[in-house]
Amino acid sequence: MLALQTPAAIAERLWPGTGWPALMPGHGLPRTEIAGDFVLLDHLEAAEETWERDAPLANLGQEWWVFACSGTGDAWLLSRDQQQTIAFLDHDAGPDALPRLLGIDAGQWLQLADLMAQLEAAQDQGLELAPQARVLMAQLAPGLPTCYPYTLA
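Each step along the sequence shown adds one to the number in our numbering, with nothing skipped, and position 87 is 117.
The structure is reproduced here in structure tokens:
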């Protein structure tokens with residue numbers, strides 16, 4: 031069974047002794063693969079990704095900070111304001127890429143990443159729980175299953 035965990039519980043499991051929310055430019059968290067498409071970058075990698083990624087229309091560095099990547103080159107963005115809004119940047123769009131808002135904040139992103147890790151583990155055991163994952167995603171944020179950038183198989 032899949033379950034939504036609190037951001038604090040997930041953070042404690044991944045980074046013992048680190049409080050949540052710890053996600054901000056310059057955070058001290060190590061690079062962590064939470065799930066296949068959810069790789070949290072350490073602060074140096076995040077800065078490099080933010081300033082070197084070729085997506086001029088995305089306003090990286092001014093409005094958005096790249097804090098995580100997928101295994102395929104896509105980027106997860108965190109707004110530079112105090113709202114901690116999350117967006118997705120599709121690398122296939124190249125220099126025309128624009129942030130796609132997901133309607134979640136940094137804590138919900140951590141919950142989503144943990145949910146996808148649970149789903150991947152279940153799939154490795156031959157269990158088909160994608161429908162349950164979609165229900166939990168909708169509980170996390172209305173509309174999230176529709177705007178989620180990957181297909182749940």
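Even glycine gets a Cβ: it sits at the ideal position worked out from N, Cα and C.
Since we're looking at a predicted model, the values are computed, not measured.
Between which two residues does the alpha helix (DSSP H) holding G124 run?
DSSP places G124 outside any alpha helix (DSSP H), giving it a letter other than H or E.
Which of helix, strand or coil does DSSP assign to W50?
Coil at W50, not helix or strand.
Using a Cβ-Cβ cut-off of 8 Å (strictly less than) and excluding sequence neighbours within five positions of A41, which residues of its own chain qualify?
Cβ neighbours of A41 beyond the five flanking positions: T48, G49, W50, A52, L140.
Three-state secondary structure (DSSP) at G133?
In the structure shown, G133 adopts extended strand secondary structure according to DSSP, grouped into three states.
Identify whether A183 lies in helix, strand or coil by the three-state DSSP scheme.
Coil.
Expressed to the nearest angstrom, what Euclidean distance is found between the alpha-carbon atoms of Q148 and D126?
Their backbone Cα atoms lie some 33 Å apart in a straight line.
I need the boundaries of the beta strand (DSSP E) containing L108, first residue and last residue.
Looking at the DSSP string, the run of the beta strand (DSSP E) that includes L108 is 105-109.
Which of helix, strand or coil does DSSP assign to L34?
If DSSP states are grouped into helix, strand and coil, L34 belongs with coil.
Tell me the rounded alpha-carbon separation between R61 and V96.
C-alpha separation (whole angstroms): 13 Å.
Spatial neighbours of D135 within its chain, please: CB distance less than 8 Å, with the 5 preceding and 5 following residues excluded, ordered by chain position.
Result list for D135: Q113, Q114, T115, I116, in chain order.
C-beta contact flag for L142 and R130 at 9 Å:
Contact flag unset, no.
So, is L157 buried or exposed, given that buried needs 16 or more other C-beta atoms within 10 angstroms?
L157 comes out exposed.
Residues bridged to F68 [DSSP beta-bridge criterion]:
Residue pairing by DSSP places F68 opposite A65 in a beta bridge.
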